[in-house]
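Notes to accompany the following structure.
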Amino acid sequence: MATVTRRRALAALAPVLGAGAATRLLGGNAAAQDHHAAAGATTGHHAASTNGHSPLQHAGFRQGARVDHERNGFHPSALVRDFDEGTTRRLASGRVLREWELVAQEKEIEVAPGVAFAAWTYNGRVPGPTLRAREGERLRISFRNASHHPHTIHFHGIHPAEMDGVPGVGAGLIEPGKSTVYEFDAAPFGLHLYHCHAAPLAAHITKGLYGAFLIDPKQGRPEADELVMVMNGFDTNFDRSNEVYAANSIPFAYMDEPITITRDELVRLYLVNVLEYDLINSFHIHGNFFHYFPTGSSLEPSEYTDTVVQCQGQRGIVEMRFPTIGKHMFHAHQSEFTELGWMGFFDVCEDRKAVCDLPMGP
Ligand code: CU
Ligand code: CU
Numbered sequence: 008m009a010t011v012t013r014r015r016a017l018a019a020l021a022p023v024l025g026a027g028a029a030t031r032l033l034g035g036n037a038a039a040q041d042h043h044a045a046a047g048a049t050t051g052h053h054a055a056s057t058n059g060h061s062p063l064q065h066a067g068f069r070q071g072a073r074v075d076h077e078r079n080g081f082h083p084s085a086l087v088r089d090f091d092e093g094t095t096r097r098l099a100s101g102r103v104l105r106e107w108e109l110v111a112q113e114k115e116i117e118v119a120p121g122v123a124f125a126a127w128t129y130n131g132r133v134p135g136p137t138l139r140a141r142e143g144e145r146l147r148i149s150f151r152n153a154s155h156h157p158h159t160i161h162f163h164g165i166h167p168a169e170m171d172g173v174p175g176v177g178a179g180l181i182e183p184g185k186s187t188v189y190e191f192d193a194a195p196f197g198l199h200l201y202h203c204h205a206a207p208l209a210a211h212i213t214k215g216l217y218g219a220f221l222i223d224p225k226q227g228r229p230e231a232d233e234l235v236m237v238m239n240g241f242d243t244n245f246d247r248s249n250e251v252y253a254a255n256s257i258p259f260a261y262m263d264e265p266i267t268i269t270r271d272e273l274v275r276l277y278l279v280n281v282l283e284y285d286l287i288n289s290f291h292i293h294g295n296f297f298h299y300f301p302t303g304s305s306l307e308p309s310e311y312t313d314t315v316v317q318c319q320g321q322r323g324i325v326e327m328r329f330p331t332i333g334k335h336m337f338h339a340h341q342s343e344f345t346e347l348g349w350m351g352f353f354d355v356c357e358d359r360k361a362v363c364d365l366p367m368g369p
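Take the sequence shown: its position 167, counted from the start at 1, is 174 in our numbering, and no numbers get skipped.
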């Protein structure tokens with residue numbers, strides 16, 4: 008049987024089913040055959056499962072089946088405002104020591120309704136926790152590998168070579184059951200990321216071993232409603248291309264539950280791209296413009312725009328205010344990514360802490 012690639016399936020389905028409907032192929036027969044064929048030819052991976060419904064039985068993600076966030080153990084609506092500051096104590100020198108514990112563990116997560124993905128995670132979630140520190144602190148990350156494959160944590164930032172989390176340098180690969188400690192100074196301020204650096208790199212990243220790593224400037228940043236989005240995708244049939252795209256893992260999650268924003272309040276979005284297999288990713292906002300701070304390493308924005316492009320590993324800070332209430336769409340400006348899940352809504356209301364979530368219309 009010829010392999011049905013995601014792109015060919017999308018091309019065939021899109022004109023018939025319309026925008027967004029191609030996502031249904033994930034639960035469809037063609038996709039199921041493709042999963043089995045691809046999984047059978049791939050070693051060292053678990054097959055993705057489907058729920059066996061025909062494509063037309065699904066009303067699409069948005070009106071139909073939902074991912075079981077509870078079973079996944081993380082919810083995109085909580086994750087988007089979840090910053091992990093670890094624990095701190097003062098050293099004799101007066102300096103702050105900030106500590107976290109990260110555990111690599113295998114976990115099956117539902118990445119689209121009825122589609123299970125055998126993920127590799129830090130602390131049971133994808134993306135891993137958003138680690139947040141302040142410029143100049145001493146950082147200590149205890150890493151334990153509770154999975155069946157060797158892994159590392161490679162941090163972006165400035166640190167000694169032996170703390171870099173790559174094979175053959177310092178502690179190198181951390182074998183199953185083993186632990187290590189990464190320790191370095193928080194520098195430079197900005198938005199960074201961390202990810203496993205075991206080979207094959209693409210496999211270790213696409214399986215879910217990554218997260219955002221934020222270093223606040225010493226003087227801080229202006230008060231804002233802060234959000235984090237890690238742009239990612241999943242290759243559910245192991246053909247080295249993604250079947251679903253998202254910010255914070257779950258396709259259409261912010262269509263199902265828009266992110267509530269307060270009118271005129273400063274919104275600061277920490278945006279990271281870790282997407283594997285596709286060369287670029289992007290973020291586009293409707294009905295608004297934003298200031299963009301590449302890598303967050305300057306306090307002066309470089310651009311005033313409504314669209315920004317990031318390669319894998321690139322990241323930046325988006326700052327904007329919404330002058331009018333209502334739903335503002337955001338999505339990748341690669342339409343293909345959009346239709347396979349990477350889209351959502353900001354729901355701008357007078358006061359986000361008051362009730363302002365209106366059910367999505369059809
Ligand atoms: Cu790994
Ligand atoms: Cu990297």
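For each residue, glycine too, the CB sits at the ideal point set by N, CA and C.
The residues 161, 177, in chain order, have a CB closer than 7 Å to that of residue 171 in the same chain once the five nearest residues on each side in sequence are set aside. Assigned with DSSP and collapsed to three states, residue 83 falls in helix. With the rule of 3 Cβ pairs closer than 8 Å, the stretch 300–309 counts as touching the stretch 195–215. Around ligand 2, the residues selected by a Cβ distance under 7 Å to any of its heavy atoms are 161, 163, 200, 202, 320, following chain order.
The stretch 236–255 makes no contact with the stretch 296–303: fewer than 3 CB pairs, one atom from each, lie closer than 8 Å.
At a threshold of 6 Å, residue 158 counts as near ligand 1, since its beta carbon sits closer than that to one of the ligand's heavy atoms. For residue 338, the enclosing beta strand (DSSP E) stretches over residues 333–338. Shortest Cα-Cα distance from residue 229 to any of 207, 276, 259, 256 involves 276. Between the beta-carbon of residue 142 and that of residue 268 there is about 28 Å, and that puts the pair past the 8 Å contact cut.
When distances are taken from the beta-carbon of residue 205 to the heavy atoms of ligand 1, the shortest one is below 6 Å. According to the DSSP secondary-structure assignment, residue 111 is paired through a beta bridge with 129, 152. Note on the stretch 165–236: whole beta strand (DSSP E) runs with a minimum of 3 residues are 186–192, 197–202, 217–223, in chain order.
Residue 74 and residue 257 have their C-alpha atoms roughly 8 Å apart. If you draw a straight line from the Cα of residue 314 to the Cα of residue 285, it is about 18 Å long. If you draw a 10 Å sphere on the C-beta of residue 165, you find fewer than 16 other C-beta atoms in it, and that means exposed.
Residue side-chain check: residue 340 keeps its Cβ at 6 Å or more from all non-hydrogen atoms of ligand 1. In this structure, ligand 1 has a non-hydrogen atom nearer than 6 Å to the beta-carbon of residue 211. In this structure residue 163 is in contact with residue 201, their Cβ atoms being roughly 7 Å apart against a cut-off of 8 Å. In this structure, the beta-carbon distance from residue 325 to residue 270 does not fall below 7 Å. The three-state secondary structure of residue 357, taken from DSSP, is coil. Distance from the C-beta of residue 86 to the nearest heavy atom of ligand 1 is not below 6 Å. The Cβ-Cβ distance between residue 280 and residue 321 falls below 7 Å.
Counting along the chain, the unbroken alpha helix (DSSP H) around residue 260 starts and ends at 260–263. Secondary structure of residue 270 (DSSP, three-state): coil. Using a 10 angstroms sphere on the CB of residue 226, the tally of other CB atoms stays under 16, which defines it as exposed.
Contact between the stretch 115–135 and the stretch 211–219 is present: 3 or more CB-CB pairs across the two stretches fall below 8 Å. When distances are taken from the beta-carbon of residue 273 to the heavy atoms of ligand 1, even the shortest one reaches 6 Å or more.
The beta carbons of residue 344 and residue 252 sit about 4 Å from each other, so the pair counts as a contact at 8 Å. By the neighbour-count criterion, in which a residue is buried when 16 or more other Cβ atoms sit within 10 angstroms of its Cβ, residue 296 is exposed. Shown here, residue 88 sits in coil according to DSSP, grouped into three states, outside any helix or strand.
The continuous beta strand (DSSP E) containing residue 326 extends over residues 322–327. Within the same chain, and ignoring the five residues on either side of residue 72 in sequence, the residues whose Cβ sits closer than 6 Å to its Cβ are 120. Taking 6 Å as the cut-off, one finds no heavy atom of ligand 1 near enough to the beta carbon of residue 109. For the pair residue 327 and residue 274, the CB atoms are nearer than the 7 Å cut-off. Residue 83 sits buried, since 16 or more C-beta atoms from the chains shown fall within 10 Å of its C-beta. Linking residue 87 to residue 236 through their CA atoms gives a straight-line distance of about 6 Å.
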